[in-house]
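Enquirer: Take this note's numbering: the final residue in the sequence shown is number 157, and no numbers are missing along the way.
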Amino acid sequence: MFREKEICDAIRTAYLYLFPDKKERKKALSRLNLEVMAQAVRYHGENVLAYQTCGNHECSLNYYGPELFPQRGYRVYEKTIQSHFTQVDAACIREVWFLENGRFVEVSCVITKYHSTYERFSTCYRRVHHIVKGRDWQDYPPEEIADAFEDISDHPFDGRPGVFYEV
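(1) Whole angstroms is fine: what's the gap from LYS161's alpha carbon to GLY63's?
(2) Check the C-beta distance from PHE88 over to VAL31 and give it rounded, since I have them as a contact under 8 angstroms.
(3) Please list the segments of the beta strand (DSSP E) lying wholly inside the segment 87 to 151, counting only runs of 3 or more residues, in order along the chain.
(4) I need the DSSP call for SER50, collapsed to helix, strand or coil.
(5) Helix, strand or coil for ARG(-7) per DSSP?
(6) Let me know the secondary structure DSSP gives GLN72 once reduced to three states.
(7) Which first and last residues belong to the beta strand (DSSP E) in which GLN42 is found?
(8) Using the rule of at least 16 other Cβ atoms within 10 Å of the residue's Cβ for burial, across every protein chain shown, is GLN29 buried or exposed?
(9) Can you find the residues in the same chain that come closer than 8 angstroms, C-beta to C-beta, to ILE83, ignoring five residues on each side of it along the sequence?
(10) When DSSP labels each residue in this structure, what does ARG21 get in the three-state scheme?
(11) Could you give the DSSP three-state label for ASP(-1): helix, strand or coil?
(12) Which whole-angstrom value describes the C-beta separation of ASN91 and ARG(-7), a residue pair presumed to lie in contact below a C-beta threshold of 8 angstroms?
(13) Three-state secondary structure (DSSP) at GLN77?
(14) Below 8 angstroms CB to CB, which residues in the same chain sit around SER73 once its five sequence neighbours on both sides are set aside?
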């Protein structure tokens, strides 16, 4: 499913909307090595699960639900919409995932976590909100998205020598 060309094109297109000014866009893109980034997205990609729950108690349910996408993804943005904390931390989060086929998808996520001295439980439920296209990029802070891409471009394989796949 990994497509290097689609990944590079998708990043260029996202930057087109994130940085409407041509000079800013050119400067932001110059800080990225797109070919290395494409390989890093493959390396860092993870299976995005629709539902998962886990805990450390002997009766806790450790369950990983179905995959939300038929491919791996890399989270490039996360914003907490609402959060509440007492003994249980509950949060509604919006995430943007960059998939191996070069698509960006916004996902709604509800997370609950319970931590005590000896026990912990957590659940996470994700649902596709929409595919990010064109003007949708105006809803996201360009600096945060650019920082995520620069971080993966600067440290593509966590300081370890990587294997480049010829595609």
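Note that beta-carbon positions come from the ideal geometry of N, C-alpha and C, so glycine has one too.
Expert: If we stick to the structure as given:
(1) The question about residue 161 has no answer here: the residues shown for the chain are numbered -9 through 157.
(2) So it is a contact: roughly 6 angstroms between Cβ atoms.
(3) Within the segment 87 to 151, the runs of beta strand (DSSP E) that reach at least 3 residues and sit entirely inside it are, in chain order, 94 to 105 and 110 to 122.
(4) Of the three classes helix, strand and coil, the one that applies to SER50 here is coil, per DSSP.
(5) Residue state, collapsed to three classes: coil.
(6) Taken through DSSP and simplified to helix, strand or coil, GLN72 comes out as strand.
(7) Taken as a continuous stretch (DSSP letters only), the beta strand (DSSP E) holding GLN42 covers 41 to 45.
(8) Around the beta carbon of GLN29, 16 or more other beta carbons lie within 10 angstroms, which makes this residue buried.
(9) Excluding residues within five positions, the ones whose Cβ falls inside 8 angstroms are GLU68, LYS69, THR70, ILE71, SER98, CYS99, VAL100 and ILE101.
(10) Coil.
(11) In the structure shown, ASP(-1) sits in a helix (DSSP, three-state: H, G or I).
(12) Contact between ASN91 and ARG(-7) holds: CB atoms are separated by about 6 angstroms, below the 8 angstroms threshold.
(13) Correct three-state label for GLN77: coil.
(14) For SER73, where only same-chain residues beyond five positions count, the Cβ hits under 8 angstroms are ASP79, ALA80, ALA81 and CYS82.
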